[in-house]
Amino acid sequence: MTISKALTIAGSDSGGGAGIQADLKTFQELGAYGMSAITAVTAQNTLGVHGVYPVSIEGIVQQIDAIGEDLGTDALKTGMLFSGEVIEAVSERIHHYGWENIVVDPVMIAKGGAKLLQDEAIRALKEKLLPLTSVITPNIPEAEVLTEMKISSLDDRRKAAKQLMGMGAKAVVIKGGHADDKEVIDLFFDGTTCEELMSPRIETLHTHGTGCTFSAAITAQLANGMTMRDAVLTAKEFIRAAIEDGLGIGGGHGPTNHWAYNKRGEK
Ligand code: PXL
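Anchor point for the sequence shown: position 131 equals 131 in the working numbering, and the numbering is continuous, going up by one each time.
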């Protein structure tokens, strides 16, 4: 049996709904062996981010090297990278190991407004990480920051996706959750086809970690050998089930249900 391996380079969420914790749970559910390099520790629950403790560059690089020199990986995702310095170091290591299937979730701010990426880091993200990226998965506010354009219409989203491809990403998913369309329209663009992927909008407060979970599901399925389009389609089903069957825990923005996708398959 060959084991699919997936690595997440991201922040820790003590509340377990987002970050490294969401990624590893998602990898496990989709049958990929999960590994992590932690970039920052957050003290966090469903009510908000109470503290951010960055890991040193040396500490981050050493975690990545520990994996690169022994286990290797079939796919990886980046989440909270926090600073330009971290982005430069992580990009350099990805290049060094020649890793493929690079999923970039350009995490910028947490739901409560806490900054998970410093402003100066945007340039490093565009110049160093985007050229290595297999797929980038911004929401609309993140896509606006990266492209420096206001995104209102669906046509704006198409233009933004093309611009992100022009910066080096091989595929783009602009997530439609933040738009006010009746249905959620995620735009998938891989350089040849530009597709609108629709799903029903689910009214809930419990969406903490949805971006992390979605990009982790893509990563796991790329590690499993799926094509990009199929990986994105599975990730949509995974996150839909996880939101629909929410856990209802915590007093604020609660986590999604990482078991839901597989539990449905068992019925
Ligand atoms: O969902 C973005 C995100 C990513 N990574 C960490 C987080 C959050 C949101 O709160 O805490 C560690």
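Here a beta-carbon is modelled for each residue, glycine too, at the ideal position from N, C-alpha and C.
### Task
Per DSSP, which residues does Thr-8 bridge with? Please list them.
Ser-36 and Lys-77
### Query
Less than 7 Å between the CB of Gly-252 and some heavy atom of ligand 1, yes or no?
no
### Message
Checking the sheet assignment: what are the DSSP bridge partners for Pro-136?
### Response
It is worth fixing the name first, because residue 136 is Ile in this sequence and not Pro. Answer is Val-104 and Val-172, bridged to Ile-136.
### Task
May I have the straight-line CA-CA distance separating Ala-161 from Val-145, to the nearest angstrom?
13 Å
### Query
Is the beta carbon of Cys-194 sitting closer than 8 Å to the one on Arg-158?
yes
### Asp-230, enclosing alpha helix (DSSP H) - first and last residue
228-244
### Query
Measuring from the CB of Ser-36, is there a heavy atom of ligand 1 at a distance below 7 Å?
no
### Task
Could you spell out where the alpha helix (DSSP H) holding His-95 opens and where it closes?
84-97
### Query
Looking at the structure shown, is Gln-44 part of a helix, part of a strand, or coil, going by DSSP?
strand
### Task
Measure the Cβ-Cβ separation of Glu-274 and Gly-84 and say whether it is below 8 Å.
Within the shown structure, residues of the chain are numbered from 1 to 267, placing residue 274 beyond reach of any answer.
### Query
Span of the alpha helix (DSSP H) holding Glu-29?
19-29
### Message
Given 7 Å as the limit, tell me if Gln-63 has its C-beta closer than that to any heavy atom belonging to ligand 1.
### Response
no
### Query
Taking the alpha helix (DSSP H) that Val-61 falls in, what are its first and last residues?
57-68
### Task
Output the distance between the C-alpha atoms of Ile-109 and His-208, rounded to the nearest integer angstrom.
12 Å
### Backbone CA spacing between Gly-251 and Gly-166 [nearest angstrom]
42 Å
### Task
Would you tell me roughly how many angstroms separate the C-alpha atoms of Ala-40 and Ala-10, rounded to the nearest one?
7 Å
### Task
Kindly indicate the opening and closing residues of the alpha helix (DSSP H) around Ser-215.
210-223
#### Entry: Cβ-based burial, Ile-3 [other Cβ within 10 Å; buried from 16]
exposed
### Task
Tell me whether the beta-carbon of Val-52 lies closer than 8 Å to the beta-carbon of Gly-112.
no
#### Entry: Opposing strand residues paired with Val-49 [DSSP bridges]
Gln-44
### Query
Just to confirm, does Gly-43 get its C-beta within under 7 Å of one of the non-hydrogen atoms of ligand 1?
In the sequence as displayed, the identity of residue 43 is Ala instead of Gly. No; taking the cut-off as 7 Å, the Cβ of Ala-43 has no heavy atom of ligand 1 nearer than that.
### Task
Could you spell out the range, first to last residue, of the beta strand (DSSP E) harbouring Asp-156?
No beta strand (DSSP E) holds Asp-156; the alpha helix (DSSP H) holding it covers 154-166.
### Message
DSSP three-state label for Leu-129, please.
### Response
helix
### Task
Answer yes or no: the CB of Cys-212 versus the heavy atoms of ligand 1, is any distance below 7 Å?
yes
### Query
Can you round the beta-carbon distance between Ala-32 and Ala-6 to whole angstroms, since I take them to be within the 8 Å contact cut?
4 Å
### Task
Please name the residue, chosen from Asp-13, Lys-25, Ser-12 and Gly-177, that lies closest to Asn-257 on a Cα-to-Cα basis.
Lys-25
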